[in-house]
Every structure is written in structure tokens, then in C-alpha cells.
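There are 2 protein chains.
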Amino acid sequence: MEQNPPEGLSSRDRILWAAASMLGEHAGSALSVRAVAARARVSTGSLRHHFPTQRELMETVLPMLYDMVLPEDSIHESSIPPRERLIASLQRQLAPSGVDQRPRDDWRLTFERYIKDEPTEAVRAEYLAIDRELHRRVEYVLTVLENEGSLAKGDNARRARFLLTVVSGLSIAQVFPNEGRLLQNELEVLGTAVDWVFDAQP
Amino acid sequence: MEQNPPEGLSSRDRILWAAASMLGEHAGSALSVRAVAARARVSTGSLRHHFPTQRELMETVLPMLYDMVLPEDSIHESSIPPRERLIASLQRQLAPSGVDQRPRDDWRLTFERYIKDEPTEAVRAEYLAIDRELHRRVEYVLTVLENEGSLAKGDNARRARFLLTVVSGLSIAQVFPNEGRLLQNELEVLGTAVDWVFDAQP
DNA sequence: ACCTGAACACCGTTCAAGT
DNA sequence: ACCTGAACACCGTTCAAGT
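Listed in order, the protein sequences are those of chains A and B.
All letters in the first sequence, in the order written, are residues 1 to 202 by the numbering used here.
All letters in the second sequence, in the order written, are residues 1001 to 1202 by the numbering used here.
What follows is the structure, encoded as C-alpha cells:
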């Protein structure tokens, strides 16, 4: 149970390491200040010095976790568990440009171009092409996992439709008013969707 | 701020009155044992005697509140299979006003009010209240299914978060350009999500 | 600047003791 | 059976004090 942080790390990095390792073990569960501080071998005060609120800690740690598996080719890195690779690849579709003000701008453009008014045939075709590309990418990732034996053979088109609906719901949630549990919620919901892909019997 | 319960009520009913009135005032905020007990003018121990856990209190109070709002709901018609009832109830959230041109208008208003610009605190609170109400309704439906034994006991808040993310993704898909498989796709994806709820082992 | 640990104001739950 | 209130083991945050 008791784990020690790697040596030679700064306090701040030990805190991040502790938080990341705890999230890795039990994703979605809330991190308590004292538990993280204990594993990082620092005081709660030190933790609060680097991360004034628990939310700031989460918002620093979670993007780091994603960034670790973000590169496209990481889908082939079989050192990373298949579940995490699929989550990372979906996360890429969800937040291709960061977690700041950008999602709102993205949605504003998207809304104005494809939704606000009945689109022209050309605009319609453009959107359908983008949408197919998204599906193609997810299906590709699923195929890779199938081929290496991590995932049971199944209807990958259907799986992709389901996963991308979830991603779409999470994406729009990013720009609605929310109560600050956004990233935790994303992790939880994506994890649930991915569990279905891996566990459902066809 | 200090309110007194109606006279002549039993302790148990004063507790329910207190919890209901607090949910009504500040919907969504968690109910603390001590706050409810104080308003009900009983001790925390008495509250725990009637409601051994905070969850049991919530699960007694919430259905009471709902029955006041939506008494007619096919969710209780046990002649219909539980899976279908859950799907039907989610479909109601998805398309409360029909499946024609309306979704586009709905989304246009929603987008303009809550997303386009950084909302004021009042608008933000308004959205959060609506969102919590949606979650509460789904949780209520899940509770009904649990109580009749159709659904394994589980974390209904988490289940609702997942289901409503899926509903949200389907809702925005209604207004994007599509290839006409919309309804088929909705049923497939909703079915998948509902399967997870019924089949996943916790 | 970085860090400590006590202190504060919460939380849900448990329980010996009363009626 | 019903009720009390103290006690326990948590939580996030604040802060005077050290280096």
C-alpha cells in the first residue's frame, strides 16, 4: 500500500507523481489532500502551496495523464494497457486543442457553420466527410486492438458509433456551465464507455 | 434562514419536510445530516434512526418530489420490460417536443443562452438547476427499477451521468447533418447504453 | 520561496445512554 | 421504538511559524 515517490523529484513533482499514480490505480475516485500528501511525502501545507485548491491539482494532473498517451502512434505501444490507449485516443478527439477557452470557440464556429441554418449541400457534404473521418479513426484504433488480441472481434462500426456519441456528449458538456467536475466526469464516463467495448459479450 | 416545520408532524415527517424544502430552495446542493436535522428540529441520531444512511434519505425524498411533478410515467407500468421503459424515459429527455425542425430551434436558443458568451452567474445557476433536474429524473427512474428488482443496486448518480452524456450526444447529433439513419442510430446507441446499465457488474 | 503541522469548520456514521 | 448528543474518522482550506 505504502509507496514511495521516485528519488530526486522536487516536492511539486512528487505531488504530481503521487496524484497521477493514485488516479491510475483507481480512476475517477476523488483524491484527498492528505492521501496525496502522504504518498508524496510532503505536508498538506506544502501541497496547498503548490496547488492552492484541490481542483487546481486535478486540472494539472489529468491533462498530464492524457498527454502521456496523446501521440497518435501510441495506439501501437503495447506497453500501455489497451484500455488506456483507447481512452487516450478518444480523449484526443474530445480536446484536440486544449482545455481552456478554445472549446467554446470551436463550438461557436461549428454551430454557426453546420447547425444554425439549414446547410447548403456542399457544407453538408463537408461535415459528413469530417464525421466519417472521425469514425474511420476510431474504427482503426479498434482494429489495432482486435489484431493484437486485446479486444474481442466484433462490430467495430457499431462500437465506433457508440463511442463517438459519448465523445460528442462530453464535448458539448465542456462548454455548458458546469460545477467544475468536468475532467473527473470525462474520465469516468469515457472509462464506462470503454469498459462496455471491452467487456460486452456480442 | 431559520424555518420551522409545520406543527403536528411526526419526527420522520418533519425530516422529510425539511429535506424536501431544502432541495426545493437550493436544488442540487447536497443535504447535510446536520442541516436537515436542524431544520427538522431533531437530533442527528433521530435522523439516522429513521434513515440509516444519507442515501436512503435521498431515495425517500426524491421520488416524493417527482411524484408531485410527473405523476404519470410509464416507468411504473411493469407490463412493459424494464429495458424498454428506461429507453422510453431517456427518449423523452431526448425529444421532449418532437423530431421535426424543432430540435434545431431548441439548440439555437440553448446555444445562444448558455454557450455563446460567458454566461452571467444567474444564467449559469439557471442552467445548473435544469441540468440537476434532468439527472434527478433519470436517477429516479433508476431507483424505481432498482426497487422492483429489475436492476441491480448500484451507483445511480454515476449511471445517470453516463446515460445523460449519451443522450446529450444523441441530441446534438439530431441537428448535425446526417445520412438519414438518425432514428436507427438513436435506438442502437440508447440500447447499448441501457445494456451497460443492466449488465455491468459493479 | 518553500515547507511544516496544527487548527478550523465541515462531512457521514456509530453508539452508549436516556425515555 | 424513538430520541439524544457526544465521539470517531474523515474532508478541504487557512495560517502562524519555521528554513
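Beta carbons are placed, not taken as given, at the ideal position from N, Cα and C, and that holds for glycine.
> Per DSSP, what kind of secondary structure is residue 48 of chain A in: helix, strand or coil?
Replying inline: If you number the first sequence from 1, residue 48 of chain A lands on position 48. If DSSP states are grouped into helix, strand and coil, residue 48 of chain A belongs with the helices.
> Hey, residue 1190 of chain B and residue 1090 of chain B are a contact pair by Cβ (cut 8 Å); roughly how many whole angstroms apart?
Replying inline: As a working note, residue 1190 of chain B is residue 190 in the second sequence. As a working note, residue 1090 of chain B is residue 90 in the second sequence. So it is a contact: roughly 6 Å between Cβ atoms.
>> Using C-beta distances below 6 Å, list every residue in its chain close to residue 1082 of chain B, excluding the 5 sequence neighbours before and after it, in chain order.
In response: In the second sequence, residue 1082 of chain B corresponds to position 82, counting from 1. Excluding residues within five positions, the ones whose Cβ falls inside 6 Å are 1145 and 1150.
> Who are the near neighbours of residue 185 of chain A in its chain, counting only those whose CB is closer than 6 Å to its CB and skipping five residues on each side?
Replying inline: Reading the first sequence from its first residue, position 185 is the one you call residue 185 of chain A. Once the five neighbours on either side are set aside, residue 185 of chain A has no close Cβ partner at all.
> Going along the chain, which residues of the region 1106-1122 of chain B sit with their C-beta nearer than 7 Å to a C-beta in chain A?
Replying inline: The region 1106-1122 of chain B vs chain A, Cβ under 7 Å: 1107, 1108, 1111, 1114, 1115, 1116 and 1119.
> Along the region 161-176 of chain A, what residues have a CB closer than 9 Å to any CB found in chain B?
Replying inline: Closer than 9 Å at the C-beta level to chain B, one finds these residues of the region 161-176 of chain A: 161, 162, 164, 165, 166, 167, 168, 169, 170, 171, 172, 173, 175 and 176.
> Using a C-beta cutoff of 8 Å, does residue 1185 of chain B count as contacting chain A?
Replying inline: Position 185 of the second sequence, counted from the start, is the residue given in the question as residue 1185 of chain B. At least one beta carbon of chain A lies nearer than 8 Å to the beta carbon of residue 1185 of chain B.
>> Whole angstroms are fine: how far does the CA of residue 1125 of chain B sit from the CA of residue 177 of chain A?
In response: The residue you call residue 177 of chain A lines up with position 177 of the first sequence. The residue you call residue 1125 of chain B lines up with position 125 of the second sequence. Distance between residue 177 of chain A and residue 1125 of chain B, taken at the CA atoms: about 8 Å.
> Taking residue 85 of chain A as the reference, which of A/102, A/148, A/55 and A/33 has the closest Cα?
Replying inline: Indexing the first sequence from 1 puts residue 85 of chain A at position 85. Checked all of A/102, A/148, A/55 and A/33; the closest Cα to residue 85 of chain A is A/148.
> Residue ranges of each alpha helix (DSSP H) run of no fewer than 4 residues wholly in the region 120-199 of chain A, ordered along the chain?
Replying inline: Complete alpha helix (DSSP H) runs here, min 4: 121-147, 156-173 and 182-199.
> Roughly how many whole angstroms lie between the Cα atoms of residue 1163 of chain B and residue 37 of chain A?
Replying inline: Sequence index remark: in the second sequence, residue 1163 of chain B carries index 163 (1-based). Sequence index remark: in the first sequence, residue 37 of chain A carries index 37 (1-based). Approximately 34 Å, taken between the alpha carbons.
>> Buried or exposed for residue 1131 of chain B, going by 16 or more other Cβ atoms inside 10 Å?
In response: Mapped onto the second sequence, residue 1131 of chain B falls at position 131. With 16 or more Cβ atoms within 10 Å of its Cβ, residue 1131 of chain B is classed as buried.
> How about residue 134 of chain A: is its C-beta nearer than 8 Å to some C-beta of chain B?
Replying inline: Start at 1 with the first residue of the first sequence, and residue 134 of chain A comes out as number 134. Output row for residue 134 of chain A: interface = no.
>> Could you tell me the alpha carbon to alpha carbon distance between residue 1022 of chain B and residue 1062 of chain B, rounded to whole angstroms?
In response: Sequence index remark: in the second sequence, residue 1022 of chain B carries index 22 (1-based). Sequence index remark: in the second sequence, residue 1062 of chain B carries index 62 (1-based). When only Cα atoms are considered, residue 1022 of chain B and residue 1062 of chain B end up about 12 Å apart.
> Just curious, the alpha helix (DSSP H) that residue 1113 of chain B is in, first and last residue?
Replying inline: Looking up residue 1113 of chain B in the second sequence gives position 113. Annotation for residue 1113 of chain B: no alpha helix (DSSP H) segment contains it, and DSSP assigns it neither H nor E.
> Cβ of residue 1189 of chain B less than 8 Å from any chain A Cβ?
Replying inline: Counted from its first residue, the second sequence places residue 1189 of chain B at position 189. Taking Cβ atoms only, chain A reaches closer than 8 Å to residue 1189 of chain B, which makes this a yes.
> By the 10 Å Cβ neighbour count, where 16 or more other Cβ atoms means buried, how is residue 133 of chain A classified, buried or exposed?
Replying inline: The residue given as residue 133 of chain A occupies position 133 in the first sequence. Taking a 10 Å sphere around the C-beta of residue 133 of chain A, we find fewer than 16 other C-beta atoms and assign the residue as exposed.
>> Counting C-beta neighbours from all protein chains within 10 Å, is the total for residue 64 of chain A 16 or more, i.e. buried, or is it exposed?
In response: Sequence index remark: in the first sequence, residue 64 of chain A carries index 64 (1-based). Residue 64 of chain A comes out exposed.
> Does the region 1006-1023 of chain B come within contact of the region 1040-1056 of chain B, defined as at least 3 CB pairs closer than 8 Å?
Replying inline: The region 1006-1023 of chain B vs the region 1040-1056 of chain B: in contact.
> In three-state terms, what does DSSP make of residue 56 of chain A?
Replying inline: Indexing the first sequence from 1 puts residue 56 of chain A at position 56. Looking at residue 56 of chain A - three-state DSSP - the assignment turns out to be helix.
> Thinking C-beta only, is residue 1175 of chain B closer than 8 Å to residue 1104 of chain B?
Replying inline: What you label residue 1104 of chain B is simply residue 104 of the second sequence in a count that begins at 1. What you label residue 1175 of chain B is simply residue 175 of the second sequence in a count that begins at 1. Contact flag set, yes.
> Under a three-way DSSP split, which group does residue 21 of chain A fall into?
Replying inline: Your numbering for residue 21 of chain A matches position 21 in the first sequence. It is helical.
>> I want to verify the contact list: residues of chain B whose CB lies under 9 Å from the CB of residue 25 of chain A, in sequence order.
In response: For the purposes of this step, residue 25 of chain A is taken as the residue at position 25 of the first sequence. Neighbours of residue 25 of chain A on chain B: none; closest Cβ ~18 Å, over 9 Å.
> Which word fits residue 112 of chain A, buried or exposed, when buried means at least 16 other C-beta atoms lie within 10 angstroms of its C-beta?
Replying inline: In the first sequence, counting from the first residue as 1, residue 112 of chain A sits at position 112. Flag for residue 112 of chain A reads exposed.
>> Strictly below 8 Å CB to CB, what residues from chain A border residue 1124 of chain B?
In response: Position 124 of the second sequence, counting from 1, holds the residue named residue 1124 of chain B. Chain A residues near residue 1124 of chain B: 177.
>> Alpha carbons only, please: which of A/135, A/153 and A/3 is nearest the one belonging to residue 198 of chain A?
In response: Along the first sequence, one-based indexing puts residue 198 of chain A at 198. For residue 198 of chain A, the closest alpha carbon among the candidates A/135, A/153 and A/3 is that of A/153.
>> At the level of alpha carbons, what is the spacing between residue 1160 of chain B and residue 1181 of chain B?
In response: Here residue 1160 of chain B refers to the residue found at position 160 when the second sequence is read from its first residue. Here residue 1181 of chain B refers to the residue found at position 181 when the second sequence is read from its first residue. Distance between the alpha carbons of residue 1160 of chain B and residue 1181 of chain B: 26 Å.
> Hey, quick one: how far does the alpha helix (DSSP H) through residue 42 of chain A stretch, first residue to last?
Replying inline: Looking up residue 42 of chain A in the first sequence gives position 42. No alpha helix (DSSP H) holds residue 42 of chain A; DSSP gives it neither H nor E.
> How many Å lie between residue 41 of chain A and residue 19 of chain A at the Cα?
Replying inline: Position 41 of the first sequence, counted from the first residue, corresponds to residue 41 of chain A. Position 19 of the first sequence, counted from the first residue, corresponds to residue 19 of chain A. About 12 Å.
> Apart from the five residues on each side of it in sequence, which residues of its chain come closer than 6 Å, Cβ to Cβ, to residue 1097 of chain B?
Replying inline: Against the second sequence, residue 1097 of chain B aligns to sequence position 97. Residue placement at residue 1097 of chain B is flagged as unreliable, the pLDDT there being 38, under the threshold of 50; a coordinate-derived value is accordingly withheld.
> Using DSSP with H/G/I as helix, E/B as strand and the rest coil, what is residue 1062 of chain B?
Replying inline: Here residue 1062 of chain B refers to the residue found at position 62 when the second sequence is read from its first residue. Reduced to three states, the DSSP call for residue 1062 of chain B is helix.
> So, residue 80 of chain A versus residue 194 of chain A, is the Cβ gap smaller than 8 Å?
Replying inline: Start at 1 with the first residue of the first sequence, and residue 80 of chain A comes out as number 80. Start at 1 with the first residue of the first sequence, and residue 194 of chain A comes out as number 194. The answer is no: Cβ separation not under 8 Å.
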